[in-house]
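For the sequence shown, our numbering begins at 1037 and goes up steadily by one.
Beta carbons are placed, not taken as given, at the ideal position from N, Cα and C, and that holds for glycine.
One structure is given below, encoded as structure tokens.
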Amino acid sequence: MILYSNSPSPFVRKVLIALHETGLQDRVELQTAAVSPLNSGDIVPSANPLGKIPCLVRDDGKPIYDSRVITKYLASLAPQAKLYPLDDTIWDVVTLEATIDGIMDAAVSMAYEKRLRPAELVFEDWLDGQWAKIDRALSHIEMKWMPTLSETPFMGLILVAALEYIDLRHDDRKWRDGHSMLADWHAANKDAPSLVATRPQP
Ligand SMILES: N[C@@H](CCC(=O)N[C@@H](CS)C(=O)NCC(=O)O)C(=O)O
């Protein structure tokens, strides 16, 4: 299988974590693809018309996306890894996953606003609005989802990936202030093997 990827993407890292947790790394060849909302490049759109990564081309040549579809596919190939629960708690877990993905989405779109938009056009109120979503979601996870993070380790790992992407791109927002439970979660879990193996190099 081929995974269109790029190192700093938190969504790609989420899939890489799933590959490590399932032991399927050797089945996948990584192909670096530079994409942005302004330029989808030549390769990715033929597999994902949205021009976004991660996108996984399976052994039969059929592509699948987005990250949460890919991670569920990997979970189906390696059920022993228990990435997702098999009982009714699945609905809570995928809602937590949607919350973590939403944090990544808001953080990525803020990064694009700062990096791609001409400096004189950067819309600060919009950046603040995106940050408010992240801040609320972090508080919500602290209030509601801490037990689920422990019970479903894959969720705990991808949350660390989201937090580290915020560190990488939006350090100035100081997410640890006011989110001490998640700061402790990050400190306690950041050395998990699949996180160490997938951490983007500076
Ligand atoms: N919902 C998608 C989001 C993927 C995404 O936004 N990827 C970014 C890289 S971090 C991308 O490909 N951006 C290119 C674009 O927006 O055109 C997923 O879960 O995979």
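Query	Result
When H1206, S1043, L1163 and E1187 are compared against I1126, the one with the closest alpha-carbon	E1187
Three-state secondary structure assigned by DSSP to S1043	coil
Which of helix, strand or coil DSSP assigns to K1135	The residue asked about is misnamed: residue 1135 is Thr in this sequence, not Lys. Of the three classes helix, strand and coil, the one that applies to T1135 here is helix, per DSSP.
Ligand 1 heavy atom lying under 8 Å from the CB of S1112	no
Closest by C-alpha distance to S1072, when choosing among E1149, D1161 and T1135	E1149
Nearest to P1046 (by Cα), restricted to the options L1066, K1098 and I1136	I1136
Whole-angstrom distance between L1074 and P1154, CA atom to CA atom	13 Å
Close beta carbons around N1042, own chain, < 8 Å, minus the five adjacent residues each side	V1048, T1068, A1069, A1070, V1071 and I1089
Contact test: V1048 Cβ vs ligand 1 heavy atom, cutoff 8 Å	yes
Inter-residue Cα distance where the pair is Y1120 and H1215	26 Å
Closest residue to L1039 among C1091, G1077, K1050 and L1086 (Cα-Cα distance)	C1091
Backbone secondary structure at T1068 - three-state DSSP	strand
Nearest-angstrom beta carbon gap, S1103 and V1051 [assumed within contact, 8 Å]	6 Å
Any non-hydrogen atom of ligand 1 closer than 8 Å to M1140 Cβ	yes
Exercise answer, beta-carbon shell around ligand 1 heavy atoms below 5 Å	S1045, F1047, V1071, P1073, G1087, K1088, I1089, D1102, S1103 and V1144
For N1099: DSSP bridge partner residues	Looking at the sequence shown, residue 1099 is not Asn but Pro. Partner(s): V1093.
Start and end residues, alpha helix (DSSP H) containing R1235	Counting along the chain, R1235 falls outside any alpha helix (DSSP H), and DSSP gives it neither H nor E.
Element boundaries [alpha helix (DSSP H), containing V1080]	V1080 to A1083
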